[in-house]
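Below: one structure, written as structure tokens.
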Amino acid sequence: MDELLAMSRSADTGNRVDAVQALGRRIDQPDAFHRLTEMLRDQNVTVMVDAAEMLARRGGNGGVRAVIEELGRTADDPDADYIMYKLEELEALGEVPILRIARALVASEESPDFRAGLIDVENYMGHHNPK
1 MDELLAMSRS ADTGNRVDAV QALGRRIDQP DAFHRLTEML RDQNVTVMVD
51 AAEMLARRGG NGGVRAVIEE LGRTADDPDA DYIMYKLEEL EALGEVPILR
101 IARALVASEE SPDFRAGLID VENYMGHHNP K
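What the sequence shown shows, in UniProt numbering, is residues 1 to 131, in sequence order.
Structural data, given as structure tokens:
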């Protein structure tokens, strides 16, 4: 795991992209999940979006929560839009029930960043699955 975590911090973007996939295969391990969550803040948009997709696809409710929380934290960052586009794609194609998972979480018990991200998700893609 140490080698994989080091690869995920490489200056080489290709190594970080590869690390996202490898970490996703180990997402049940706390270190892998935590590092994927950190990679949502990567300087490269591809790495950010790949990490978001991996968390949404394989990270269960906690993965979706982490991605939505990051969207709330980075609402003013135009690169975060690409994460939103990926979530919408997963929802629209029926691959990951983003809205169902997000709505099942009790927003009042979540962080302010999560609540802000949830509002953004609902505004952007709530039409796919109206309440």
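We put the beta carbon where it would ideally sit given N, CA and C, even for glycine.
So for P130, helix, strand or coil by DSSP?
P130: coil per DSSP, three-state reduction.
If I83 sits next to A52, beta carbons under 8 Å apart, how far is it from one beta carbon to the other, in whole angstroms?
That belief holds up - the Cβ atoms of I83 and A52 are roughly 4 Å apart, short of 8 Å.
Answer yes or no: do I119 and A56 have a C-beta to C-beta separation smaller than 8 Å?
Not a contact, by the Cβ cut-off of 8 Å.
DSSP state of T74, grouped into three classes?
DSSP places T74 in coil when its eight states are reduced to three.
Take every Cβ of the stretch 21-32, pair it with every Cβ of the stretch 42-49, and state whether three or more of those distances are shorter than 8 Å.
No contact exists between the stretch 21-32 and the stretch 42-49.
Using only alpha-carbon positions, find the residue among P78, M1, I27 and L5 that is nearest to K64.
Per the sequence shown, the amino acid found at residue 64 is Val instead of Lys. Cα-wise, what sits closest to V64 is I27.
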